[in-house]
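A.B. asks: Here the sequence shown stands for residues 1 to 805, where the numbers follow the UniProt record's numbering. Shown below is the structure under consideration.
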Amino acid sequence: MDNVNSIEYNIRDLSTRSVTLFPTRAQVFRDIKNVVLKPGSNQVTIRGLSPTVDEDSIKVEGLGAAVITNISVESAPNHEIFSEVYPDSDQEEEDDVEEDDKPKPPKESLKIASLMSRQEELNDKISQNDDAVRSAQERLRILDKFTSTLHSKHVDIATHLKIYEYERARATQGMLDAKAFGRRLFEQYQELSQEIADAEALHKKATRTERKEYEKALREQEREKKRKRHRKEERTQEKQRIKSRRQLFWPKYCYTVRIELEPYHAFSPASSRRGSFSSEKEYVKASQTESGESEAPSETTCHLVLSYVTASAYWSPSYDVQLSTPKASGSLCFDAMLRNSTSETWENCKISLSTSQTMISGLDDTVPELQPWRIKLVGKNSTGDGQDIVTSREEVESRRSFKNLMKPASQPKSRAAMFGIADTNNSAQGLQAAAIGPPVGHGGGPVSSLQLQSHQTQLMLLEQQNKKRLMMARQEQNSMRPPPQQQQMMQAQLQAQAQARAQAQAQTQYPQSMPVPASGPAPTTQNVLQDFDFDTFLHGDGNEPSGGNKAAIPGIEAEPLDFQNSLVEETGFTTSYDLPGLKTLAPMPVPSKQRIARVIFPNVVFSHTLVAKYKPVAYLRARMRNTSSLTLLQGPVGLTLDGGFMGRTMLPRCSAGDFFTLSLGTDPAIKVTYPKPDVRRSTAGLFTKENSSMYVRHIQVHNTRSATGGKPVNLLLLDQIPLSEDERLRVELAVPHGLAVDGSVPAGLPARPDGTDKDWGSAKAGLNKAGEVSWMVSLNAGKAVKLALEYSVSMPVGDVAMQCT
Numbered sequence: 001m002d003n004v005n006s007i008e009y010n011i012r013d014l015s016t017r018s019v020t021l022f023p024t025r026a027q028v029f030r031d032i033k034n035v036v037l038k039p040g041s042n043q044v045t046i047r048g049l050s051p052t053v054d055e056d057s058i059k060v061e062g063l064g065a066a067v068i069t070n071i072s073v074e075s076a077p078n079h080e081i082f083s084e085v086y087p088d089s090d091q092e093e094e095d096d097v098e099e100d101d102k103p104k105p106p107k108e109s110l111k112i113a114s115l116m117s118r119q120e121e122l123n124d125k126i127s128q129n130d131d132a133v134r135s136a137q138e139r140l141r142i143l144d145k146f147t148s149t150l151h152s153k154h155v156d157i158a159t160h161l162k163i164y165e166y167e168r169a170r171a172t173q174g175m176l177d178a179k180a181f182g183r184r185l186f187e188q189y190q191e192l193s194q195e196i197a198d199a200e201a202l203h204k205k206a207t208r209t210e211r212k213e214y215e216k217a218l219r220e221q222e223r224e225k226k227r228k229r230h231r232k233e234e235r236t237q238e239k240q241r242i243k244s245r246r247q248l249f250w251p252k253y254c255y256t257v258r259i260e261l262e263p264y265h266a267f268s269p270a271s272s273r274r275g276s277f278s279s280e281k282e283y284v285k286a287s288q289t290e291s292g293e294s295e296a297p298s299e300t301t302c303h304l305v306l307s308y309v310t311a312s313a314y315w316s317p318s319y320d321v322q323l324s325t326p327k328a329s330g331s332l333c334f335d336a337m338l339r340n341s342t343s344e345t346w347e348n349c350k351i352s353l354s355t356s357q358t359m360i361s362g363l364d365d366t367v368p369e370l371q372p373w374r375i376k377l378v379g380k381n382s383t384g385d386g387q388d389i390v391t392s393r394e395e396v397e398s399r400r401s402f403k404n405l406m407k408p409a410s411q412p413k414s415r416a417a418m419f420g421i422a423d424t425n426n427s428a429q430g431l432q433a434a435a436i437g438p439p440v441g442h443g444g445g446p447v448s449s450l451q452l453q454s455h456q457t458q459l460m461l462l463e464q465q466n467k468k469r470l471m472m473a474r475q476e477q478n479s480m481r482p483p484p485q486q487q488q489m490m491q492a493q494l495q496a497q498a499q500a501r502a503q504a505q506a507q508t509q510y511p512q513s514m515p516v517p518a519s520g521p522a523p524t525t526q527n528v529l530q531d532f533d534f535d536t537f538l539h540g541d542g543n544e545p546s547g548g549n550k551a552a553i554p555g556i557e558a559e560p561l562d563f564q565n566s567l568v569e570e571t572g573f574t575t576s577y578d579l580p581g582l583k584t585l586a587p588m589p590v591p592s593k594q595r596i597a598r599v600i601f602p603n604v605v606f607s608h609t610l611v612a613k614y615k616p617v618a619y620l621r622a623r624m625r626n627t628s629s630l631t632l633l634q635g636p637v638g639l640t641l642d643g644g645f646m647g648r649t650m651l652p653r654c655s656a657g658d659f660f661t662l663s664l665g666t667d668p669a670i671k672v673t674y675p676k677p678d679v680r681r682s683t684a685g686l687f688t689k690e691n692s693s694m695y696v697r698h699i700q701v702h703n704t705r706s707a708t709g710g711k712p713v714n715l716l717l718l719d720q721i722p723l724s725e726d727e728r729l730r731v732e733l734a735v736p737h738g739l740a741v742d743g744s745v746p747a748g749l750p751a752r753p754d755g756t757d758k759d760w761g762s763a764k765a766g767l768n769k770a771g772e773v774s775w776m777v778s779l780n781a782g783k784a785v786k787l788a789l790e791y792s793v794s795m796p797v798g799d800v801a802m803q804c805t
């Protein structure tokens, strides 16, 4: 392998062509352009693939005068250093290092300065005089100490006493003179201090405005220092937050893809190479010199496309419904929540959303065959419970196996094993469980196989794909053209592209530039070379954002902002949404929201359901029709009613043209009175005595909305009468009069006898076999209605009726 030409890439240095997000995973296409191949063996190594990649899904296709001889995939520890990939900024802003100049105080008065100078000189004189007093006192102390030594017989006492007297008088006079001078200095000091105080008062009065500005500048400077410290702390915290978030997606190990290629001229003889003979002849002809001799081939280039499937990246639907009761209308915003929890950033690429599920159950899970269900008679003393004629043993076993199959499969590797930095604080990694998790189901938990199967049934839409986005693919010419030798070879290949595109549109696993046959074996390198669209590969498919916002026009300020809708493409049981423009999807602990479409509901039917027997409240519901050509998938929805946000619930799946109903909680404007029943008892019968009880209940419903401008409300009130399980116990409905099973009769009376509820509306009562009595009521605003329910219960004397267990 010494002569192998090695070329290495890091996955983050490769451009991302497109990303297709599925409900549980994503498929990524990376471009490797202008790979320079030398004669002989060439090895292209791509490092840094996310540990969430399915290594069995990695594929390599391309275009060029070369053949892929081998592809290998292996995992290895991540040898990159986190601090080198994400270096910390060592430079701080200037305002964090340099202090602002302090504000200058008001200028002092020259007179005050002169007085202060005289005061300092006076202080010096006072200090010198105090020292003279202390010196005289010390001399007196020394003289007194000297006289205590005059006890010797040989000392001339008279002479020493004379000296003592002289020196003491001189020291005393010096001390008295110093004290007198000190008193005069002190008086001068007091006079000077008063003069300074007066001068300062006058100066302070004259410079009051300047001093206020100076003190204000000092306070502002202190506040600015606090703000700078606060900004610095915030920047530090933000850097730490970004670092912790990056650590969540820092891979502990990565996948490495090695691709071995050999140019066409490396094969000898040429006829042994699999491929197009016409293109080979053109290549050989182009490499001949004028003398007819073939020269040694030089370096050539090729273009590769790396595709792979990765987990921890997916999309889920999210909705926002706004309803208006006065207008009986509403609108729905269909959004897609995009999640990328891998270690890769997909920059400036085309993002598509697909409803296809790559796996619902095992491919070996075939259609079961019914086994014969044979039964027989056994003796009376048999211990059998008779369940064999209810459910067969094969049915029980198959259901148990099916439930085990539908259980969510455990993730083979946890995120803690794939991401994080060793020997660091676990605070960042501890956020993984809360911020990043597996795809969630409609109820917020992990997606089970049963939910995947339910979601798979929601994959049909009626809107056909928009063909306009395919018309701009070849409008631009780029300087990235292959050498003339390859251009001649590709002329014949591009002629077959039109036939292959019909098959390419039926595949969602590959971009339009890389068609795959609808059936048959996996595509080979030669198939890809023949069907490859080089212009689309280099320049993209020419998509331009459609339905975008108009430019702002002066004078038109009331126009609301809008979102760009996605292009919808339906292929069989799969629906794809192409997001407009080029997007960047970076690893984030929270999802990003992209608008798919906006649906208008012109006729929303609001109704109320009352089960006053259990709860005396009116439950409001909205029934609307999906007037769009989109199939609304099951997902969370935020409800806004008349401008007020009510909360979040689940939107059921609704195909185009179908109806769906949303519960809007209870309506406080509808008051319900459900009193206890009146019971009247009697005994009748000629030969056999029976006890009979009549139960009478009057339910009142009041629409408290204002009668001026208010609209009638539709109410469904449900109640029930008991059902008899014994022929001797009879239950008969008396009111509503003439009501039979599966029939309907008019019902309802004004609730207030004063004539206030004269025009209350209308109502019809119904009865079903289960004893459920229902009233369909149209109640006008500000009115109240009384609904009567009477039934009798008859039984033999001495018997007691009770509810069945």
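Each residue gets a CB set at the ideal place from its N, CA and C atoms; glycine is no exception.
1) Hey, could you find the ends of the beta strand (DSSP E) E8 is sitting in?
2) If contact is defined by three or more beta carbon pairs under 8 Å, each pair taking one atom from either stretch, is the segment 667-685 in contact with the segment 700-714?
3) Any contact between the segment 753-762 and the segment 717-735? By contact I mean 3 or more CB pairs, one from each, below 8 Å.
4) Could you have a look at M802 and say whether DSSP puts it in helix, strand or coil?
5) How many Å lie between Y577 and T24 at the Cα?
6) Who are the near neighbours of V53 in its chain, counting only those whose CB is closer than 6 Å to its CB and skipping five residues on each side?
7) Taking the Cβ atom as the reference point for each residue, do L261 and A66 lie within a distance shorter than 7 Å?
8) Are at least three pairs of beta-carbons, each pair with one atom in the segment 28-46 and one in the segment 225-240, less than 8 Å apart?
9) So, at 7 Å on beta carbons, what are the nonlocal neighbours of R730 in its own chain, with the 5 sequence-adjacent residues on each side left out?
10) Along the chain, which unbroken stretches of the alpha helix (DSSP H) at least 4 residues long are found entirely within the UniProt domain "DUF4140" (19-143)?
11) Alpha carbon to alpha carbon, how far is E210 from W250?
12) Please name the residue or residues paired with W775 in a DSSP beta bridge.
13) Quick check on H702: does DSSP put it in helix, strand or coil?
14) Given R680, which residues of its chain have a CB within under 8 Å of its CB, disregarding the five upstream and five downstream residues?
15) Could you check what DSSP says for V604 in three-state terms: helix, strand or coil?
16) For M802, is the classification buried or exposed, using 16 other Cβ atoms within 10 angstroms of its Cβ as the cut-off for buried?
17) Less than 6 Å between the CB of K350 and some heavy atom of the ligand SAM, yes or no?
18) Taking only beta-carbon atoms, is V35 less than 7 Å away from chain B?
19) Tell me whether the beta-carbon of T627 lies closer than 7 Å to the beta-carbon of S655.
20) Under three-state DSSP, which class holds Y164?
21) Hey, A421 and Q237: beta-carbon distance below 7 Å or not?
22) Helix, strand or coil: which one does DSSP assign to V305?
23) According to DSSP, is residue 878 part of a helix, a strand, or is it coil?
24) Go through its chain and collect everything with a Cβ distance to T147's Cβ below 7 Å, but skip five positions before and after it.
25) Tell me the rounded alpha-carbon separation between Q240 and K205.
26) For A180, is the classification buried or exposed, using 16 other Cβ atoms within 10 angstroms of its Cβ as the cut-off for buried?
27) Suppose the cutoff is 6 Å on Cβ atoms and the five residues either side in sequence are ignored; what does the same chain contact list for L662 look like?
28) Less than 7 Å between C-beta atoms, sequence neighbours within five positions excluded: which residues of the same chain meet that for C196?
29) With distances taken between CB atoms, is the gap from R739 to A765 smaller than 7 Å?
30) Report yes or no: do three or more beta-carbon pairs, one from the segment 773-793 and one from the segment 711-719, lie closer than 8 Å?
31) What are the complete beta strand (DSSP E) segments, minimum 3 residues, inside the segment 710-760?
32) Any idea what DSSP makes of I157, helix, strand or coil?
33) Ignore the nearest five residues each way along the sequence and tell me which others in S343's own chain have a CB closer than 6 Å to its CB.
34) Report the option in K403, V305, C333, E395 whose CA atom is closest to the CA atom of V19.
35) Once DSSP output is grouped into helix, strand and coil, what is the label at F334?
36) Return the CA-CA distance between G771 and F660, expressed in angstroms with no decimal places.
C.D. replies: Reading off the structure:
1) Counting from one through the sequence shown, the residue named residue 8 turns up at place 8. It spans 5-10 - the beta strand (DSSP E) in which E8 sits, taken as one unbroken run.
2) yes
3) no
4) Indexing the sequence shown from 1 puts residue 802 at position 802. M802: coil per DSSP, three-state reduction.
5) As a position in the sequence shown, residue 577 is number 577, starting the count at 1. As a position in the sequence shown, residue 24 is number 24, starting the count at 1. One C-alpha to the other measures close to 16 Å.
6) To locate residue 53, count along the sequence shown from 1; it is residue 53. The answer, listed in chain order, is Y255, Y308, T310.
7) Taking the first residue of the sequence shown as 1, we reach residue 261 at position 261. Taking the first residue of the sequence shown as 1, we reach residue 66 at position 66. Their beta carbons are under 7 Å apart, which means L261 touches A66 by this criterion.
8) no
9) As a first step, residue 730 must be located in the sequence shown, where it is residue number 730. Closer than 7 Å at the Cβ level, and outside the excluded window around R730, lie S724, S794.
10) 82-85, 94-97
11) As a first step, residue 210 must be located in the sequence shown, where it is residue number 210. As a first step, residue 250 must be located in the sequence shown, where it is residue number 250. C-alpha separation (whole angstroms): 59 Å.
12) By 1-based counting over the sequence shown, the position of residue 775 is 775. Paired residue(s): L717, A765.
13) Within the sequence shown, residue 702 is the residue found at index 702, counting from 1. Here H702 sits in strand by DSSP.
14) Working through the sequence shown from its first residue, we reach residue 680 at position 680. Same-chain partners within the cutoff: S693, M694, V696.
15) What you label residue 604 is simply residue 604 of the sequence shown in a count that begins at 1. V604: coil per DSSP, three-state reduction.
16) The sequence position of residue 802 within the sequence shown is 802, counting from 1. Under this definition M802 is an exposed residue.
17) What this structure holds is no ligand at all, so the ligand SAM is not there to describe.
18) The chain labelled as chain B is not found in the depicted structure, where only one protein chain is given.
19) Within the sequence shown, residue 627 is the residue found at index 627, counting from 1. Within the sequence shown, residue 655 is the residue found at index 655, counting from 1. No, the Cβ-Cβ distance between T627 and S655 is not below 7 Å.
20) By 1-based counting over the sequence shown, the position of residue 164 is 164. Looking at Y164 - three-state DSSP - the assignment turns out to be helix.
21) For the purposes of this step, residue 421 is taken as the residue at position 421 of the sequence shown. For the purposes of this step, residue 237 is taken as the residue at position 237 of the sequence shown. It should be noted that the sequence gives Ile, not Ala, for residue 421. No.
22) Looking up residue 305 in the sequence shown gives position 305. V305: strand per DSSP, three-state reduction.
23) Any question about residue 878 goes unanswered here, given that the chain covers just 1 to 805.
24) Position 147 of the sequence shown, counting from 1, holds the residue named residue 147. Here the set comprises Y164.
25) Locating residue 240 in the sequence shown gives position 240, where the first residue counts as 1. Locating residue 205 in the sequence shown gives position 205, where the first residue counts as 1. Their backbone Cα atoms lie some 53 Å apart in a straight line.
26) Counting from 1 along the sequence shown, the entry for residue 180 is found at position 180. Exposed, because fewer than 16 other Cβ atoms sit within 10 Å of the Cβ of A180.
27) As a position in the sequence shown, residue 662 is number 662, starting the count at 1. Excluding residues within five positions, the ones whose Cβ falls inside 6 Å are A622.
28) As a position in the sequence shown, residue 196 is number 196, starting the count at 1. In the sequence under discussion, the amino acid at residue 196 is Ile, which differs from the Cys named in the question. For I196, where only same-chain residues beyond five positions count, the Cβ hits under 7 Å are I112, L115, M116, Q119.
29) The residue labelled residue 739 in the question sits at position 739 within the sequence shown. The residue labelled residue 765 in the question sits at position 765 within the sequence shown. It should be noted that the sequence gives Leu, not Arg, for residue 739. Yes; because the gap between Cβ atoms is below 7 Å, this pair is in contact.
30) yes
31) 713-720, 730-735, 744-746
32) Sequence index remark: in the sequence shown, residue 157 carries index 157 (1-based). I157 falls in the helix class under three-state DSSP.
33) Numbered from 1 along the sequence shown, position 343 holds the residue referred to as residue 343. Around S343: S50, F249, P251.
34) Along the sequence shown, one-based indexing puts residue 19 at 19. For the residues K403, V305, C333, E395, the minimum Cα distance to V19 belongs to V305.
35) Within the sequence shown, the letter at position 334 stands for residue 334. Three-state DSSP puts F334 in a strand.
36) In the sequence shown, the residue the question calls residue 771 occupies position 771. In the sequence shown, the residue the question calls residue 660 occupies position 660. Approximately 28 Å, taken between the alpha carbons.
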